[in-house]
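Engineer: What follows is a structure written as structure tokens; I'll ask about it next.
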Amino acid sequence: CASCQSLFPGVSLPPQRRCRWLCPDCRAQRRDFNREQRFYKRVGCGTCQACRIPEDCGICSACARNPPGGPSGPGRTPKCLLRR
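Per UniProt numbering, the sequence shown starts with residue 1, numbered consecutively.
Here it is as structure tokens:
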């Protein structure tokens, strides 16, 4: 396994794929971790200084790309650099 470095005698992979193979336990653990990180990226933790800023700064490059009244249509708008 590429993560826990355990060997599986019945598994033989080509050399180019050998470093990316994960055992089922590590794959499940990584999937859960990535799901949690996506949640916090979208919602925020609520405890750090960046998460507690209520509004955008209005001067960074991300705020300059946003329309003045907020996002008008569907899609993703960049998050203010101070609130990341």
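Ideal Cβ placement from N, Cα and C applies to all residues, glycine included. Just so we're clear, the structure is a prediction, and the values are computed from it rather than from any experiment.
#1: With DSSP run on the structure shown, which of helix, strand or coil describes arginine 52?
#2: In terms of residues, what are the limits of the alpha helix (DSSP H) holding lysine 79?
#3: By the three-class DSSP mapping on this structure, what secondary structure does asparagine 66 have?
#4: Let me know if cysteine 80 comes out buried or exposed under the rule of 16 or more other beta-carbons within 10 Å of its beta-carbon.
#5: In whole angstroms, give me the CA-to-CA distance for glycine 46 and proline 24.
#6: So the alpha helix (DSSP H) arginine 42 belongs to, where does it begin and stop?
Structural biologist: Checking against the coordinates, here is how it stands:
#1: coil
#2: Taken as a continuous stretch (DSSP letters only), lysine 79 belongs to no alpha helix (DSSP H), as it is neither H nor E.
#3: Correct three-state label for asparagine 66: coil.
#4: buried
#5: 33 Å
#6: 24-43
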